[in-house]
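Colleague:
Number of protein chains: 2
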Amino acid sequence: MQLSSQQIASFAAICEALSDEDDSLKREVLSHAGNRWSLGILYILGTQGTLRHADLRRAMPGITQRMLTRTLRQLERDGLIGRFDHQQKFPHPRVDYSLTALGEGMLMNMLPLWRWIIDNAGEFRAARRRAMPTAE
Amino acid sequence: MQLSSQQIASFAAICEALSDEDDSLKREVLSHAGNRWSLGILYILGTQGTLRHADLRRAMPGITQRMLTRTLRQLERDGLIGRFDHQQKFPHPRVDYSLTALGEGMLMNMLPLWRWIIDNAGEFRAARRRAMPTAE
DNA sequence: CTGCATCCTACTGGATACTG
DNA sequence: CAGTATCCAGTAGGATGCAG
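One line per chain: the protein sequences are B and W, in this order.
Residue numbers for the first sequence, in the working numbering: 566 to 701.
Residue numbers for the second sequence, in the working numbering: 566 to 701.
(1) If you measure beta-carbon to beta-carbon, which residues of the region 644-678 of chain W are closer than 9 Å to chain B?
(2) Let me know the secondary structure DSSP gives arginine 695 of chain B once reduced to three states.
(3) List the residues of chain W that alanine 710 of chain B touches, going by C-beta distances under 9 Å, in chain order.
(4) Could you check whether the Cβ of arginine 517 of chain W sits closer than 9 Å to any Cβ belonging to chain B?
(5) For serine 663 of chain W, which residues does DSSP report across the bridge?
(6) Please say whether serine 603 of chain B and glutamine 639 of chain B have beta carbons closer to each other than 9 Å?
(7) Compute the Euclidean distance between the alpha carbons of glycine 670 of chain B and isoleucine 609 of chain B, then round it to the nearest angstrom.
(8) Given this structure, state the Cα-to-Cα distance separating isoleucine 714 of chain B from threonine 612 of chain B, to the nearest angstrom.
(9) Which value, in whole angstroms, describes the spacing of the CA atoms of methionine 697 of chain W and aspartate 620 of chain W?
(10) Within its chain, find whatever has a CB closer than 7 Å to the CB of isoleucine 742 of chain W; leave out the 5 residues flanking it on each side and keep chain order.
(11) For histidine 597 of chain B, tell me which candidate among B/His618, B/Thr615, B/Trp679 has the shortest Cα-Cα distance.
(12) For chain B, find out if any of its Cβ atoms is closer than 9 Å to the Cβ of leucine 633 of chain W; answer yes or no.
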């Protein structure tokens with residue numbers, strides 16, 4: 566085995582980026598992938614379109630209000646989602662969120678990985694069992 | 566915009582997996598993506614083949630011995646890399662590591678995302694500047 | 001060479017209560 | 001409805017030293 570020639574073509578850029586200690590930005594963006602809620606939010610916005618804060622909360626079972634706001638802020642800061650405050654107070658405040666073009670790209674590039682993990686969940690469980698035969 | 570039909574095809578599985586609170590395993594696997602060193606190790610092993618502990622350490626500038634061992638253990642636990650202890654003490658201990666088929670799959674599915682992040686680094690920087698015009 | 005033990009800091013995720 | 005403020009536990013990442 567080894568990487569395909571297409572994958573190998575990425576060598577220079579990736580190698581440089583991985584060893585670039587100062588450029589933490591790329592790693593911070595990548596960290597959205599491992600984040601507890603980011604993928605879910607991007608995914609919901611990608612499939613449902615524009616949603617309000619409360620809609621998102623309903624769409625993400627288990628998320629707390631604090632984590633929703635915090636995650637939205639992080640995604641907004643990196644340009645992955647857009648936040649539109651309608652500046653209205655009555656009858657209710659209204660703020661809604663949607664994917665930006667950048668966010669769509671992120672989602673598109675994360676879905677294959679997530680799908681692969683789902684498809685191979687059995688493999689991971691087996692590996693875990695092999696690793697710790699007794700517990701769990 | 567919206568997801569392509571191909572992407573949409575993942576809807577059911579992804580939606581289920583995202584809302585499956587109990588199955589933390591998938592999220593733990595996904596967390597390798599956001600991990601500080603995991604991608605680098607998978608990448609080095611994918612491009613260089615089998616390497617010893619000390620080789621990996623040299624190949625990953627900035628990693629400490631502790632983090633290398635810890636990350637290797639995590640990757641091994643999830644079946645992404647294989648650890649081969651030659652059981653030799655003299656002249657030196659010898660343990661080497663290599664990607665498993667599962668690890669190759671993980672790497673293959675992570676590279677496009679990483680490449681995309683590299684290619685769009687400018688966009689992220691711009692978004693950050695827009696988000697905090699003053700600082701940094 | 002490989003790897004463990006110790007100690008430390010910062011951040012993540014969360015529970016809860018409060019505000020306009 | 002949208003969001004902030006507190007407080008808290010657990011973990012990630014790291015510095016350093018020791019061991020077989």
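We put the CB at the ideal spot given by N, CA and C, even for glycine.
Everything numeric in this text was worked out from a predicted model, so none of it was measured.
Modeller: Let me lay it out:
(1) Gly644, Leu645, Leu664, Thr665, Ala666, Leu667, Glu669, Gly670, Met671, Leu672, Met673, Asn674, Met675, Leu676, Pro677, Leu678
(2) helix
(3) Shown here, chain B extends from 566 to 701; a query on residue 710 of chain B therefore has no answer.
(4) Residue 517 of chain W lies beyond the range of chain W shown here (566 to 701); nothing can be said about it.
(5) W/Gly647
(6) yes
(7) 14 Å
(8) The displayed coordinates of chain B run from 566 to 701. Any statement about residue 714 of chain B would go beyond what the structure contains.
(9) 41 Å
(10) Because chain W is modelled from 566 through 701, residue 742 of chain W falls outside the range shown and cannot be assessed.
(11) B/Trp679
(12) no
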